[in-house]
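Participant:
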Amino acid sequence: MFEVLVNGNITEYLLWDISQVIGRAIVAEQKNNVKIKLINVINFRRGEGLGSMLLDRVVYDFGDRDIITTTFSSRVSWYERRGFIKMAEKNSIVEMFRKGSRGESAEVSVSSRASAIY
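Have a look at this one:
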């Protein structure tokens, strides 16, 4: 089950399995884009596609805007398969970018994503 929490410019996605959070994504809306601050899946549930599910939801909700994130070099191909491109790298830390589907940054109504459970 997905839970989406919105607090100001921060959107948090929680992926629940019965009584515990097994995955989480945090997105910060910025002036010209959105930044994925975190995508994480609990260790014993990795490899089940849950991280992809979280990223797909972020792209669904914010895909009309440019999306940026920072990741480890070992995760670059995972992001590239989902439409991100590598912008810069320093000490195994990589800046990734995904162009918004409208070709420009656009505002998204917070009410369209208001705290909902899916």
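For the sequence shown, the numbering used here gives the first residue as 1, with consecutive numbering after it. In this text, a Cβ means the ideal position worked out from N, Cα and C, and glycines have one as well.
Give me the Cα-Cα distance between residue 9 and residue 53, rounded to the nearest whole angstrom.
Facilitator: As a first step, residue 9 must be located in the sequence shown, where it is residue number 9. As a first step, residue 53 must be located in the sequence shown, where it is residue number 53. Going by the C-alpha atoms only, they are around 22 Å apart.
Participant: Which partner residues of residue 43 appear in the DSSP bridge assignment?
Facilitator: Here residue 43 refers to the residue found at position 43 of the sequence shown. Residue pairing by DSSP leaves residue 43 without any beta bridge partner.
Participant: How about the region 7-26 and the region 56-70: do they share at least three Cβ pairs that are nearer than 8 Å?
Facilitator: The region 56-70 and the region 7-26 touch, with three or more beta-carbon pairs separated by less than 8 Å.
Participant: Could you tell me the boundaries of the alpha helix (DSSP H) in which residue 51 lies?
Facilitator: Position 51 of the sequence shown holds residue 51. That run of the alpha helix (DSSP H) goes 50-62.
Participant: Anyone know if the C-beta pair for residue 89 and residue 73 falls short of 8 Å?
Facilitator: For the purposes of this step, residue 89 is identified with residue 89 of the sequence shown, where counting begins at 1. For the purposes of this step, residue 73 is identified with residue 73 of the sequence shown, where counting begins at 1. A contact, by the Cβ cut-off of 8 Å.
Participant: Which residues in the same chain as residue 101 place their Cβ atom closer than 6 Å to its Cβ, once the five residues preceding and following it in sequence are excluded?
Facilitator: Working through the sequence shown from its first residue, we reach residue 101 at position 101. 63 and 64, listed in sequence order.
Participant: Could you give the distance in angstroms between the alpha-carbon of residue 114 and the alpha-carbon of residue 51?
Facilitator: For the purposes of this step, residue 114 is taken as residue 114 along the sequence shown, with counting starting at 1. For the purposes of this step, residue 51 is taken as residue 51 along the sequence shown, with counting starting at 1. Reliability of the predicted coordinates at residue 114 is poor, the pLDDT of 36 falling under 50, and the value obtained from them is presented with this limitation in mind. Approximately 22 Å between the Cα atoms of the pair.
Participant: Can you find the residues in the same chain that come closer than 6 Å, C-beta to C-beta, to residue 69, ignoring five residues on each side of it along the sequence?
Facilitator: One-based indexing of the sequence shown puts residue 69 at position 69. Only 36 and 96 meet the Cβ criterion.
Participant: Pull up the distance between the alpha-carbon of residue 77 and that of residue 98, whole angstroms please.
Facilitator: Along the sequence shown, read from residue 1 onward, the residue named residue 77 stands at position 77. Along the sequence shown, read from residue 1 onward, the residue named residue 98 stands at position 98. Answer to the nearest angstrom: the Cα atoms are 13 Å apart.
Participant: I think residue 45 touches residue 22, with their Cβ atoms under 8 Å apart; what is that distance to the nearest whole Å?
Facilitator: Locating residue 45 in the sequence shown gives position 45, counting from the first residue. Locating residue 22 in the sequence shown gives position 22, counting from the first residue. That pair is a contact at about 5 Å.
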